[in-house]
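Trainee: Here it is: the structure, laid out below.
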Ligand SMILES: Cc1cc2nc3c(=O)[nH]c(=O)nc-3n(C[C@H](O)[C@H](O)[C@H](O)COP(=O)(O)OP(=O)(O)OC[C@H]3O[C@@H](n4cnc5c(N)ncnc54)[C@H](O)[C@@H]3O)c2cc1C
């Protein structure tokens, strides 16, 4: 249930006015380009500001939500209740020493990959074209082509809802296909440390270019989407199953399955989050009926979704 804006404005009055917004349209914070308003949107600049905002949430039973660069989420048309913390504007510092790069969670993968390449460091080329933040990439163990985040992140730190900062190292991340421990514990990823290897600049840039071309040729990167809609099922490919089910190019008004890559669900412009949600449900249901395989969404549903609209996600 929404509280009224003036109460929220009183509660969060001490936070910098130019970085906190009430009843804020969130569409542009999602690569699907859909979603309603956040009750409170905060663009923190420091850990102490995040702590301050979380303390207000704790003391007033206000839920909070973190967003990276919004490239793996579907925000409800009804918006997001409570506090939404967006790190992608001001929490973006990236630094480099020897073979190591340290990046704040809101920095883009692209910025980190560019810094690595500029310093002849190899290991992050795979991530070129993944439009996420460091926080989102670690939480999702983003991967592509020949590698994954697991191979390059050696440690990360996060803030617990109880105000503690905890560092995780190596295996403690429990990285696996499109997942990490961060999907099981509440908290805000603050930063990550990357260990890369020295490489040859020309080879690094050639690899980056090769992956960019592959992506451009195979994926609808000029359309609103969240990348692959579903996870890869065991011994199969979601995109192959969807295409074999006859759904490649399936269209439902302003949304549907890409004609270029059947793994992508697209907003062609003007679709609502509910429209897109219905396409997800339809694709899952058709594939299940035809092949008996239960596709699991890779995308995360964010915000205030009516229970009846998202029940399909629980069906095995
Ligand atoms: C065109 C396109 C191509 C893509 N290609 C790939 C690909 O090749 N490989 C791949 O793996 N993915 C791909 N993706 C998906 C997406 O880019 C990745 O999953 C990315 O890692 C998500 O990062 P994000 O910052 O956008 O996260 P968001 O979408 O903002 O958030 C995703 C989840 O992470 C949580 N989160 C984000 N930041 C934090 C934080 N600091 N602390 C705690 N939780 C946090 C959010 O709450 C949410 O649950 C693609 C997406 C698009 C649109």
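In this note's numbering, the protein residues as written are 676 to 991. Each residue gets a CB set at the ideal place from its N, CA and C atoms; glycine is no exception.
#1: Got a sec: does ligand 3 put a non-hydrogen atom nearer than 7 Å to the Cβ of residue 918?
#2: Measure the Cβ-Cβ separation of residue 755 and residue 977 and say whether it is below 8 Å.
#3: Under the three-state reduction of DSSP, which class applies to residue 910: helix, strand or coil?
#4: Between which two residues does the beta strand (DSSP E) holding residue 698 run?
#5: Might you give, ordered along the chain, the residues of its own chain that have their beta carbon closer than 8 Å to the beta carbon of residue 823, omitting 5 neighbours on each side?
#6: Count the other C-beta atoms from every protein chain shown that fall within 10 angstroms of the C-beta of residue 964, then say buried if there are 16 or more, exposed otherwise.
#7: Should residue 733 be counted as a contact of ligand 1 given a C-beta to heavy atom distance under 7 Å?
#8: In whole angstroms, what is the alpha-carbon distance linking residue 697 and residue 763?
#9: Sorted by chain position, which residues of the same chain lie with C-beta nearer than 7 Å to residue 955's C-beta, five sequence neighbours on each side aside?
#10: Are residue 791 and residue 871 closer than 8 Å when you measure CB to CB?
#11: Please report how far the alpha carbon of residue 724 lies from the alpha carbon of residue 690, in whole angstroms.
#12: Alpha carbon to alpha carbon, what distance is there between residue 833 and residue 842?
#13: Quick check: residue 878 and residue 796, are their CB atoms within less than 8 Å of each other?
#14: Assign residue 682 to one of two classes, buried (16 or more other C-beta atoms within 10 Å of its C-beta) or exposed (fewer than that).
#15: Going by Cα to Cα distance, which pick from 702, 821, 737 and 783 is closest to residue 813?
#16: Rounded to the nearest angstrom, what separates residue 687 and residue 920 at their Cα positions?
Mentor: Short version:
#1: Among the ligands present in this structure, namely ligand 1, ligand 3 is not found.
#2: For the pair residue 755 and residue 977, the CB atoms are nearer than the 8 Å cut-off.
#3: coil
#4: 695-700
#5: 801, 816, 817 and 850
#6: So residue 964 ends up on the exposed side.
#7: In this structure, residue 733 has its beta carbon at no less than 7 Å from each heavy atom of ligand 1.
#8: Taken atom to atom, the span from the alpha-carbon of residue 697 to that of residue 763 is near 18 Å.
#9: 904, 940 and 972
#10: yes
#11: Cα-Cα distance, rounded: 7 Å.
#12: 7 Å
#13: no
#14: exposed
#15: 783
#16: 50 Å
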